[in-house]
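Student:
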Amino acid sequence: MTPPDEADVRAGAAQYSTAMLRWYDLAVLEVNCRLLWRCPPRTMLELYQRNIGARHLDLGPGTGYFLDRCTFGVRRPQLTLLDLNPDVLTTAAHRLRRYNPTTHLRNVLEPLALGDNRFDSAGLNMVLHCIPGPISAKAGVFDRIIPYLEPGARIFGSTILDVGVPHSPAARVALHLLNRQGVFHNTSDTLSDLDQALAQRFATYRIELHGAMALFQALAPGDRVPSP
């Protein structure tokens with residue numbers, strides 16, 4: 001298995017500048033997700049709401065849109081945000097400042113180095129399709145997260161698939177351009193590959209297909225996994 005190319009990951013992450021993030025909610029969530037990928041933000045918010053825990057790790061938090069709208073079961077949830085792009089972390093942390101989130105500048109292709117932190121949930125919303133390589137390689141991110149999850153914690157997220165799902169002509173053009181620009185890396189991503197990656201790691205998991213978007217959730221292993 002060839003590991004994803006780190007330079008490609010960094011190049012893709014760099015495109016989310018402060019200026020671009022001002023338009024992210026409208027352009028990416030309200031327009032692209034709703035019209036091109038046929039999965040409205042409400043559906044992803046419901047995924048968050050079903051799975052979010054009091055101690056939550058969010059990888060690739062974007063603008064903090066979904067965490068900002070979540071209802072937590074506690075007054076003071078502990079939020080940890082992780083991303084390769086400092087502009088993303090600054091934007092999301094400011095939006096969520098009422099929770100005083102912790103931020104970590106990290107590459108998901110490398111050990112996360114989160115020390116003794118343990119989480120009740122972890123989210124990877126719209127992350128996997130941005131990682132280069134086949135899903136079998138992208139799924140290594142699960143292996144780096146699992147050691148920081150409490151037994152039975154929830155790990156969840158979404159990813160845009162290319163192969164085996166219906167795409168409109170406009171969506172096909174958008175996929176081609178986004179992959180060519182290095183924002184997406186999902187030209188070989190299939191639902192069956194995602195299912196296999198989850199089955200290899202989790203005894204309990206679920207995938208729902210909404211348009212071209214696969215929403216997944218799983219329970220962390222019941223035994224403690226050593227941190228890398």
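Here UniProt numbering is used: position 88 in the sequence shown is 88, and no number is missing along the way.
Ideal Cβ placement from N, Cα and C applies to all residues, glycine included.
This structure is a prediction, so every number in the text was calculated from the model and none was measured.
Skipping 5 residues on each side, what residues in its chain have a beta carbon closer than 8 Å to that of D87?
Tutor: Excluding sequence neighbours, D87 sits near Y16, S17, T18 and L21.
Student: Quick one: Cα of G140 to Cα of T63, how far?
Tutor: Taking the straight line joining both Cα atoms gives about 24 Å.
Student: Contact between the stretch 125–132 and the stretch 87–107: three or more CB pairs below 8 Å?
Tutor: Taking 8 Å as the limit for Cβ pairs, the verdict is that the stretch 87–107 does not touch the stretch 125–132.
Student: May I ask you to report which of helix, strand or coil DSSP gives L213?
Tutor: A small correction: the amino acid at residue 213 is Met; Leu does not occupy that position in the sequence shown. M213 falls in the strand class under three-state DSSP.
Student: Under a three-way DSSP split, which group does H56 fall into?
Tutor: Of the three classes helix, strand and coil, the one that applies to H56 here is strand, per DSSP.
Student: Distance check for H104 and A122, CA to CA, integer angstroms please.
Tutor: Using only the alpha carbons, I get a separation of about 14 Å.
Student: Where DSSP assigns a beta bridge to G140, which residues make up the other side?
Tutor: Its beta-bridge partners do not exist; DSSP assigns none.
Student: Please determine if the stretch 70–84 and the stretch 33–44 are in contact, where contact requires at least 3 C-beta pairs separated by less than 8 Å.
Tutor: They do not touch, by the three-pair rule.
Student: T103 lies in the beta strand (DSSP E); which residues open and close that run?
Tutor: T103 -> beta strand (DSSP E) spans T102 to L105.
Student: Taking the straight line between their C-alpha atoms, what separation do you get for F216 and S136?
Tutor: Answer to the nearest angstrom: the Cα atoms are 16 Å apart.
Student: Give me, in chain order, the residues of the same chain whose beta-carbon lies closer than 8 Å to that of G152; leave out the 5 immediate sequence neighbours on both sides.
Tutor: Once the five neighbours on either side are set aside, the close Cβ partners of G152 are L219, A220 and G222.
Student: Three or more beta-carbon pairs under 8 Å between the stretch 177–186 and the stretch 207–216, yes or no?
Tutor: At 8 Å Cβ cutoff, the stretches do not touch.
Student: Look at the Cβ atom of I160, then the Cβ atom of N186, and state whether they are nearer than 7 Å.
Tutor: In contact: I160 and N186 (Cβ atoms closer than 7 Å).
Student: Buried or exposed for P134, going by 16 or more other Cβ atoms inside 10 Å?
Tutor: Counting Cβ neighbours within 10 Å, P134 comes out buried, since at least 16 surround it.
Student: For V183, which of R106, L191 and P132 has the nearest alpha-carbon?
Tutor: Out of R106, L191 and P132, P132 has the C-alpha closest to the C-alpha of V183.
Student: Between D143 and R106, what straight-line distance do the alpha-carbon atoms span, to the nearest angstrom?
Tutor: Distance between the alpha carbons of D143 and R106 is about 15 Å.
Student: So, D116 versus R55, is the Cβ gap smaller than 7 Å?
Tutor: Their beta carbons are not under 7 Å apart, which means D116 does not touch R55 by this criterion.
Student: Looking at the secondary structure, which residues open and close the beta strand (DSSP E) in which R154 lies?
Tutor: That run of the beta strand (DSSP E) goes L149 to I160.
Student: Under the assumption that C70 contacts Y48 (Cβ atoms under 8 Å), give the Cβ distance between them as a whole number of angstroms.
Tutor: About 5 Å separates the two Cβ atoms, so the contact holds.
Student: So, is residue 230 buried or exposed, given that buried needs 16 or more other C-beta atoms within 10 angstroms?
Tutor: Summary: the structure shown does not reach residue 230, with the chain confined to residues 1 through 228, and so no result is reported for it.
Student: In the DSSP assignment, find the beta strand (DSSP E) that holds D120 and state where it starts and stops.
Tutor: It spans F119 to N125 - the beta strand (DSSP E) in which D120 sits, taken as one unbroken run.
Student: Answer with buried or exposed for M1, where buried requires no fewer than 16 other C-beta atoms within 10 angstroms of its C-beta.
Tutor: Since pLDDT at M1 reaches only 46, below the 50 mark, its modelled position is unreliable, and the value read off the structure follows with that caveat. Exposed is the call here.
Student: Grab me the residues of A93's own chain with a C-beta within less than 7 Å of its C-beta, minus the 5 sequence neighbours each way, in chain order.
Tutor: Answer for A93: L81, P101 and T103, listed in chain order.
Student: Output the residue ranges of the alpha helix (DSSP H) runs that lie fully inside the stretch 26–54 and measure 4 residues or longer, sorted by chain position.
Tutor: Here the runs fully enclosed are 41–51.
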